[in-house]
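Asker: Chains as they are written, first to last, in numbering that gives the first Met the number 0: chain A, 0 to 439; chain X, 0 to 439.
Glycine residues also receive a C-beta, built at the ideal position from the N, C-alpha and C atoms.
Before we start, here is the structure in question, set down as structure tokens.
Protein chains: 2
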Amino acid sequence: MTTTLQDCRERDAQDPLRALRDLFTLPAGQIYLDGNSLGVAPKAAAARVAQVVQQEWAQDLITSWNKAGWVDLPLRLGNQFAPWLGARADEVVFTDTTSINLFKVLTAAARIAAEDGPARKKLLTERSNFPTDLYIAESICAQHGLQLVLLEPEEILGALDDDAAILLLTHVNYRTGAMHDMAKITAAAHARRILCIWDLCHSAGAVPVDLHAADADFAVGCGYKYLNGGPGAPAFVWAHPRVVNRCAQPLAGWFGHAAPFQFTPHYTPAEGIRRYLCGTQPIISLSALQCGLDVFSASEALGGMAALRAKSLALTDLFIALVESRCAGHGLELATPRAHEKRGSQVCLARAEGLGMDQGVAGQGSGAYAIVQALIARGVIGDFRQGDGGLGVHKDILRFGFTPLYVGFEDVWNAVEQLRQVLETGEWREARFHQRNIVT
Amino acid sequence: MTTTLQDCRERDAQDPLRALRDLFTLPAGQIYLDGNSLGVAPKAAAARVAQVVQQEWAQDLITSWNKAGWVDLPLRLGNQFAPWLGARADEVVFTDTTSINLFKVLTAAARIAAEDGPARKKLLTERSNFPTDLYIAESICAQHGLQLVLLEPEEILGALDDDAAILLLTHVNYRTGAMHDMAKITAAAHARRILCIWDLCHSAGAVPVDLHAADADFAVGCGYKYLNGGPGAPAFVWAHPRVVNRCAQPLAGWFGHAAPFQFTPHYTPAEGIRRYLCGTQPIISLSALQCGLDVFSASEALGGMAALRAKSLALTDLFIALVESRCAGHGLELATPRAHEKRGSQVCLARAEGLGMDQGVAGQGSGAYAIVQALIARGVIGDFRQGDGGLGVHKDILRFGFTPLYVGFEDVWNAVEQLRQVLETGEWREARFHQRNIVT
């Protein structure tokens, strides 16, 4: 039996999380399915940022380091969000960027590995990992004499051998939305004494994460995607208590010092996760991020992550079912795993080469870029990820993120309806939809 | 002849830069002499930040990467401020923190030095450098097998020998306000083939800086002090064209890639200073910073840095003269050089041990902390820096920053008058002024 628009409206009416949508400003006239690139703005952010600029900065100035708690903000936000990661008090800080935090934890892991198993020389990761992870890993390998090994997902378990020092994986793949079994892979890696680092950019706030249950070693993740922290919001970093104090990380700035304001000449790293801090943080951006985290705190009374996960799966199930029933015959195929336990909070549709006429792409192109552009022109915001960059996904991707905090079932129905019209009219073949932008 | 309050008011009335003061929100009822810790808020910042949050983020979302120019903001701000550093177009980016940027350039310098003179094993710096510089330098030395050599200012020129690879100096000392002769020291270092890195945290926007004229190799500096960019505003980094492309820096994130949005699996650093970018920047904070830079752009029509420097020296000269004439007999002595060419934009007064009763300080304490607290209670905001941390300054310091963009001559008169009263009443001896805060 086909789902109707009316069914979707009823599901929204019954959605226990529906009230959370009102905590956000949603872009006028759009269905925003790109929260996995940049989350929407919490309504509270404007007032919070105004308060930071006009009162805490402009009037209170340096006294705000104490009075407004700027000095502890990275740790305070870390503590606020820790339960959503399965982390404990004082184990998480929000600071710097994902790339920089990854550099810190990879260096720490390389140092620990050099102590515990100096013969181990491989850093394993996935070929289709997000590029910045690959770039940072490449830099770390060059610096520490390690060899970077790029794997297909199905090769990972088999590659866990006694030559491997570190396994770096992104929990949910940014292109396909495929989710790894963190606990299973970590256990397999630990059985071979390999350190496990998890990048949670596409899973924090979107799917259940339990770092302690999985017994991970380190984790990093993004503040501006599912956390709705604002453009370029500071990222987070976590280290398991058994490894956090084993070595200093190399970005040994004053905020990571045991006594940052005693201005001692030599570096003594703080105990615990504070040693992963470095320089002075961008307080205005960090304060905006808190508004994003506050929505997660508010969601706890409505069922928290269990409710968010149930809704996310319902949204993505519905999207898949509607695309398959209403957009058949246009060369789209599901690139995201159908199995719930392997799916993040996004759905990707693949389109093979030769079905379209994208410019600047070998052969005829897949048309995926143009279809995404035509959808955007109709107010449905998803994004395009190019296939075959040697990154392990060979088809062009139409990517749609479903943030259960603010996306509704009617949104899903309308998005698929617009996709159907884009495909049936063939309007995506118009030249204007093939113009490439710089980003994102 | 003693300067009077009336004289000071006349000097303010004649100040060609006076109009710039109106571009800032100054804290109500205060004389703010701590712009070298955190600059005040440009009035434009509130509206700019509101626009970023409410329009660029909340409404335009990912399209703002192109439409609002977020993607180029680090370079655009760098280009806007480059002339104030004696840098050229596309040579400066605002990104990350001073500590992190220092890590990048020190690593690059260590790599270049290893190629050009592998026998050179010393990294020279000043014992009284800002602690985070020392910490990062320590980390770099450990990583690259270098030896960190801490020098007194008068030892620097003599230490430039063939064992030295890198000289890292802060142009204006954060505690004493003493300024190095950048051109002379750089020339002496280059004569011995030593790479020169300058930290401009206390000089950018405060004193004339000409990196090309001095022929420096690398520079970093702060966005939240004299640049008035907001709490924790992103920092800047510059590299001379002869060194910028010689190696990749280790924080090899996607924004430093030659083609960040092609998502290629291997890292190819961008040509030029873009390779010093790493992850996604905190756009709200970065946008606020632009308001600070805009004031510098506005000051160009009023005489630019020449006028700012003339006023800065006039302010600090006046402060010194008034303290010496009106606050004599209370154990204060000038810790900032009297010679103009050796003075930054701050004045530090030293007070010897045993003159006061600060708690938690060996012996009787200097009372400097309590005097600063008593001044703050009267609305004169300076700060305290503790002596003898092994950092080369052995007396406690009362530090007063004079930002010529917004500090006036009447402010100087009033500040000294309050200092005089604090000293003559002896109110600073009250117990409440000896309570230590955490920061700053």
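Any idea which residues DSSP pairs Y31 of chain A with across the strands?
Answerer: A:I380
Asker: Just to confirm, are C246 of chain X and T97 of chain X a CB contact at a threshold of 8 Å?
Answerer: no
Asker: Please classify D198 of chain A: is it buried, with 16 or more other beta-carbons within 10 angstroms of its beta-carbon, or exposed?
Answerer: buried
Asker: If we cut at 8 Å on Cβ distances, does Q53 of chain X have a partner in chain A?
Answerer: yes
Asker: With a 10 Å radius around its C-beta and 16 neighbouring C-beta atoms as the bar for buried, classify G255 of chain A as buried or exposed.
Answerer: buried
Asker: Spell out whether any CB of chain A is found under 8 Å from the CB atom of F102 of chain X.
Answerer: yes
Asker: Just to confirm before moving on: does the CB-CB distance between L25 of chain A and Y223 of chain A stay below 8 Å?
Answerer: no
Asker: Which of the three DSSP states, helix, strand or coil, is assigned to H170 of chain X?
Answerer: coil
Asker: Tell me which same chain residues have a C-beta within less than 8 Å of the C-beta of A177 of chain X, skipping the five on either side of it?
Answerer: Excluding positions up to five away in sequence, the list reads P152, V171, T335, P336, K341, R342, G343.
Asker: Using 8 Å as the Cβ pair cut-off and three pairs as the minimum, do the stretch 315-332 of chain A and the stretch 406-425 of chain A touch?
Answerer: yes
Asker: Is there at least one Cβ from chain X nearer than 8 Å to D115 of chain A's Cβ?
Answerer: Not closer than 8 Å to any Cβ of chain X, the Cβ of D115 of chain A fails to qualify, so no.
Asker: If you follow the beta strand (DSSP E) that A300 of chain X is part of, which residue opens it and which one closes it?
Answerer: Premise fails: A300 of chain X is in no beta strand (DSSP E) and is neither H nor E.
Asker: Identify the contact partners of C277 of chain A in chain X, using a Cβ-Cβ distance below 7 Å as the criterion.
Answerer: T96, S98, I99
Asker: My output table needs one value for G220 of chain A: the three-state DSSP class, helix, strand or coil.
Answerer: Here G220 of chain A sits in strand by DSSP.
Asker: So for A234 of chain A, helix, strand or coil by DSSP?
Answerer: strand
Asker: Have a look at L226 of chain X and D293 of chain X and give me their C-alpha separation to the nearest angstrom.
Answerer: 10 Å
Asker: What residue range is occupied by the uninterrupted beta strand (DSSP E) comprising D198 of chain X?
Answerer: Element bounds for D198 of chain X: 194-198.
Asker: Whole-angstrom Cβ separation of G366 of chain A and G355 of chain A, contact assumed at under 8 Å?
Answerer: Contact check for G366 of chain A and G355 of chain A: beta-carbon distance about 2 Å, within the 8 Å limit, so the pair qualifies.
Asker: Smallest Cα separation from L149 of chain A: which of A:A158, A:A141, A:H143?
Answerer: A:A158
Asker: In three-state terms, what does DSSP make of Q289 of chain A?
Answerer: Residue state, collapsed to three classes: helix.
Asker: To the nearest angstrom, how far is the alpha carbon of P268 of chain X from that of A141 of chain A?
Answerer: 14 Å
Asker: Report the three-state DSSP secondary structure of L404 of chain X (helix, strand or coil).
Answerer: coil
Asker: Does the separation of the CB atoms of R398 of chain X and R75 of chain X fall below 8 Å?
Answerer: no
Asker: Just grab the DSSP bridge partners of L374 of chain X for me.
Answerer: According to DSSP, which records beta bridges pairwise, L374 of chain X is partnered with nothing at all.
Asker: Taking all protein chains shown into account, do 16 or more other C-beta atoms lie within 10 angstroms of the C-beta of K183 of chain A, making it buried, or fewer, making it exposed?
Answerer: exposed
Asker: With a CB to CB cut of under 7 Å and the five nearest residues on each side skipped, what residues in its chain are close to Q248 of chain A?
Answerer: K103, T106, A107, R274, Y275
Asker: Would you say I437 of chain A faces chain X, with C-beta separation under 8 Å as the test?
Answerer: Because the pLDDT of I437 of chain A is 45, which lies under 50, any placement of that residue in the model is unreliable, and the number read from its coordinates should be weighed accordingly. Taking Cβ atoms only, chain X reaches closer than 8 Å to I437 of chain A, which makes this a yes.
Asker: Only counting the same chain, and skipping five residues up and downstream in sequence, which positions put a Cβ closer than 6 Å to that of F217 of chain A?
Answerer: V104, I196, A238
Asker: Helix or strand or just coil, what does DSSP make of T267 of chain A?
Answerer: coil
Asker: D11 of chain A: which of A:L32, A:W412, A:G425, A:R428 sits nearest, CA to CA?
Answerer: A:W412
Asker: So what does DSSP say about Q146 of chain X, is it helix, strand or coil?
Answerer: Strand, per DSSP.
Asker: For the beta strand (DSSP E) holding L276 of chain X, just list the boundary residues, first then last.
Answerer: Where L276 of chain X is concerned, there is no enclosing beta strand (DSSP E), because DSSP gives it neither an H nor an E.
Asker: Drop a sphere of 10 angstroms on the beta-carbon of E154 of chain A, count the other beta-carbons inside from all chains shown, and report buried for 16 or more, exposed for fewer.
Answerer: exposed
Asker: Under 8 Å, Cβ to Cβ, is there at least one residue of chain A near Y368 of chain X?
Answerer: no
Asker: According to a CB-to-CB cut-off of less than 7 Å, which residues of the stretch 247-259 of chain A neighbour chain X?
Answerer: P249, L250, A251, G252, W253, H256
Asker: Does the distance from the C-beta atom of F383 of chain X to that of Q385 of chain A stay below 8 Å?
Answerer: no
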